[in-house]
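Visitor:
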Amino acid sequence: MFDFKSATQRQRSLFGLRVWIAALVVLLAFGLLGARLWVLQVQKHEGLLKRADSNRTAVLPLPPRRGDILDRNGVVLARNYLSYTLDVVPAEAGKIDPLLKNLNQVVPLSEYQVKRFKRRLADAGRFSMVPLRRDLSDTEAAYFAAQAFRFPGVQLKARWVRQYPQGQSGAHVVGYVGRISEADVQALDAKHELGNYRGTDIIGKKGVEKSWEHVLHGVTGIESVEVTARGKPMRTLHRIDPSPGEDLVLSIDMRLQRIAEQAFKGQRGALVALDPQTGEVLAFVSAPSYDPNLFVDGIDHDSWRELNESENFPLINRPVYGTYPIGSTFKPFVALAAMTMGKRDAKTRIYDPGYFEMGKTRFRNAGSVPYGNVDMHKSLVVSSDTYYYSLATDITIDSLHDFMKPFGFGQKTGIDLDTERAGVLPSTDWKKKAFKEREQQRWFPGETVSVLIGQGFSAFTIMQLAQATAVLANGGNYHTPHLVKAIQNTALKTQRPTRQEPSHRIDLKPEHVREVTDALEQVTVTGTARRAFSGVQYPVAGKTGTAQLFNLKGSKYKKDDVDERLRDHSLFMGFAPSRAPTIALAILVENAGWGSEVAAPIAREVFDAWILREDGALALSRTP
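Its first residue numbered 550, the sequence shown is counted upward by one per residue in the working numbering.
1. Give me, in chain order, the residues of the same chain whose beta-carbon lies closer than 6 Å to that of Ile944; leave out the 5 immediate sequence neighbours on both sides.
2. Sort out for me which residues DSSP pairs Tyr900 with in a bridge.
3. Sort Leu974, Gly995, Gln989 by Cα distance to Leu1014 and report the nearest one.
4. Alpha carbon to alpha carbon, what distance is there between Tyr713 and Gln1004?
5. Does the distance from the C-beta atom of Val923 to that of Ser932 stay below 8 Å?
6. Mark Trp587 as exposed unless 16 or more other C-beta atoms lie within 10 angstroms of its C-beta, in which case mark it buried.
7. According to DSSP, what are the bridge partners of Asn629?
8. For Phe879, is the classification buried or exposed, using 16 other Cβ atoms within 10 angstroms of its Cβ as the cut-off for buried?
9. Going by the DSSP bridge assignment, what does Met907 pair with across the sheet?
10. Output yes or no for whether 8 Å exceeds the beta carbon distance between Ile848 and Tyr937.
11. My output table needs one value for Met678: the three-state DSSP class, helix, strand or coil.
12. Got a sec, what are the start and stop residues for the beta strand (DSSP E) Pro863 sits in?
13. Buried or exposed: where does Arg817 fall if 16 or more other Cβ atoms within 10 Å of its Cβ makes it buried?
14. Could you check where the alpha helix (DSSP H) with Lys650 kicks off and where it finishes?
15. CB-CB under 8 Å to Glu1113, same chain, minus the five flanking residues each way: which ones, in chain order?
16. Measuring alpha carbon to alpha carbon, tell me which of Asp851, Val722, Glu641 ends up nearest Ala822.
17. Go through its chain and collect everything with a Cβ distance to Leu705's Cβ below 7 Å, but skip five positions before and after it.
18. Determine the burial state of Phe984: buried for a count of at least 16 other Cβ atoms within 10 Å of its Cβ, exposed for fewer.
19. When you compare only the Cα positions, how much space is there between Thr1039 and Gln715?
20. Let me know the secondary structure DSSP gives Asp840 once reduced to three states.
21. Helix, strand or coil for Lys1102? Go by DSSP, reduced to three states.
22. In three-state DSSP terms, what is His721?
23. Give, in chain order, every unbroken run of the alpha helix (DSSP H) that is at least 4 residues long and sits entirely within the stretch 759-844.
24. Check this for me: beta carbons of Pro1126 and Pro1150, under 8 Å apart or not?
25. Using the three-state DSSP reduction, which class does Gly580 fall into: helix, strand or coil?
26. With a 10 Å radius around its C-beta and 16 neighbouring C-beta atoms as the bar for buried, classify Lys927 as buried or exposed.
27. Between which residues of its own chain and Ser562 is the CB-CB distance below 6 Å, once the five residues before and five after are set aside?
28. Among Ile618, Gln1044, Gly753, Gly748, which residue has its Cα nearest to the Cα of Ile771?
29. Assign Val930 to one of three DSSP states: helix, strand, or coil.
30. Decide if Arg867 is buried, meaning its Cβ has at least 16 other Cβ atoms within 10 Å, or exposed.
31. Might you give, ordered along the chain, the residues of its own chain that have their beta carbon closer than 7 Å to the beta carbon of Lys980, omitting 5 neighbours on each side?
32. Among the candidates Arg1079, Gln1097, Val1020, His1031, whose CA atom is the shortest distance from the CA of Ala1008?
33. Kindly indicate the opening and closing residues of the alpha helix (DSSP H) around Lys980.
34. Tell me the start and end of each unbroken beta strand (DSSP E) in the stretch 1129-1161 that is at least 3 residues and wholly inside, in chain order.
35. CA-CA distance, Val574 and Lys644?
36. Assign Ser1104 to buried or exposed, taking buried as 16 or more other Cβ atoms, counted over all protein chains shown, within 10 Å of its Cβ.
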């Protein structure tokens, strides 16, 4: 028989047990909740507070204003101006094509601007700001501002834009800025400088803009802004203003620069003028040039193709990148080497029949002209090749290499520009490294003959020749050439000069320097450069040069029978006033022929522009 009372008792016991279990579970849950609250509210309070603040604040970078670039007289070479720009945030903009179609009805967009924007869009993140158009006029900016509600994700901003007022003049000195590429990002990250470029979209790409980027850029500031859940800024919580980049004062004289550029008359070539007492670069010409303004906002395809595919190579920085045989402009330094080594006295004469024979090979003077009895003075004045050919029996290639190296030949001069090349100052070690075949690695005496007149394996930059000329002009002091004369802090109104003491001194005897200088002076009076310097009001020391590119193989050189790109280079090196020089220069005009006919007249124009006033009188401030 069913025991109702016993069953009821069991149910009550089971229910009580369930209640206790439930109570324990509840208590345990509340205990865990309390423990969690303790951890969150007490133990992790500081960290969670910071995270909460970060959810309601946004940290915005404040890009600095880039420093200006000026010439030695205050002429502006690179500056910034405020420009209205349109930027697009892809995540907020929706479908791009309809957006651009509608936006074009408010702000005109060219086909190139649209193509460039889509190209940048493909490389950008969804939440990054992609530039669409720069340089909006005030009218266009106002019209868009009134219609901005129609275009979510499109922002109108005022930004600093780089400008080069001088255009093509001095472009290879100043260089240009361009958009930061992936390679730039990696380079900045490797130097731990990427954080300083947050909010910045340009960086120096060439010239002084690149080599002095660390000074020009400045320091990025930050701004902490309170934002709503939708990301709308409400108020500024904290701000650190950016530190603008410092200005650069170059040693370049733009008046002299323009005169030098115009003197080339459309020909290809290079010119470097230095102050031999300081190493300051006074003029720096690479012809032809280009307009750096084309690169600021990304160069268009047609312009890039025109520059990049031009047979005249306007983008190549010829003074520091181009390497050339320098012909007879090398002879003054060979003369110094012969005297310093004790291999030939300045008064020693040799007979010049118009050629020099070594073995079965005959090396001829230019035009096979015989000069008769020639000493060192006459050899420079008339430019006797035979005199220097004959030194091959006395001067070895390695001893010549060791003498020339301190002048800057065959190595980077240290100028504050990128892309500088070392060139070739040949030696026996160089040839062993340059050639793979064992027989080709051997140095032959006949090769020294060619090197002694600036031909053969020799290949130098015009920067090197100008630097060596400056060292000769000042008697042996090697001042590292530099373009930046001073760093200027506009806010503090201070300048820090960059002038340095000579890096080294070459032990040249004054009497040897005087022998060479006297001969170079006579070059401009009765020698090969007499026509170019006829009537000059100040003493000039110089040497013309003609560098051969086409192997005549014993035949007579005829200009019209040789392709224009294979014709001789025209060169000149010199300094003035010769007794107390304030300017030293080197010039090369590609495929232009005799140095006396083309390069020397350019030198005359540059010397006159620097030493004479506009009325033709001597500028005493520039002559001791």
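Ideal placement from N, C-alpha and C gives every residue a C-beta, glycine not left out.
Guide: Judging by the given coordinates:
1. Lys892
2. Asn922
3. Leu974
4. 39 Å
5. no
6. exposed
7. Arg711
8. buried
9. Thr910
10. no
11. coil
12. Note, Pro863: premise wrong, no beta strand (DSSP E); not H, not E.
13. buried
14. 645-652
15. Asn1140
16. Val722
17. Tyr633, Leu635, Ala690, Phe693, Ala694, Ala697
18. exposed
19. 21 Å
20. coil
21. Model confidence at Lys1102 stands at a pLDDT of 47, short of 50, so the residue's coordinates are unreliable and nothing is read from them.
22. helix
23. 762-765, 803-812
24. no
25. helix
26. buried
27. none
28. Gly748
29. helix
30. buried
31. Gln990, Trp992
32. Gln1097
33. 977-983
34. 1132-1138
35. 54 Å
36. Note on Ser1104: pLDDT 46, under 50, position unreliable in the model; the coordinate value appears next. Result: exposed.
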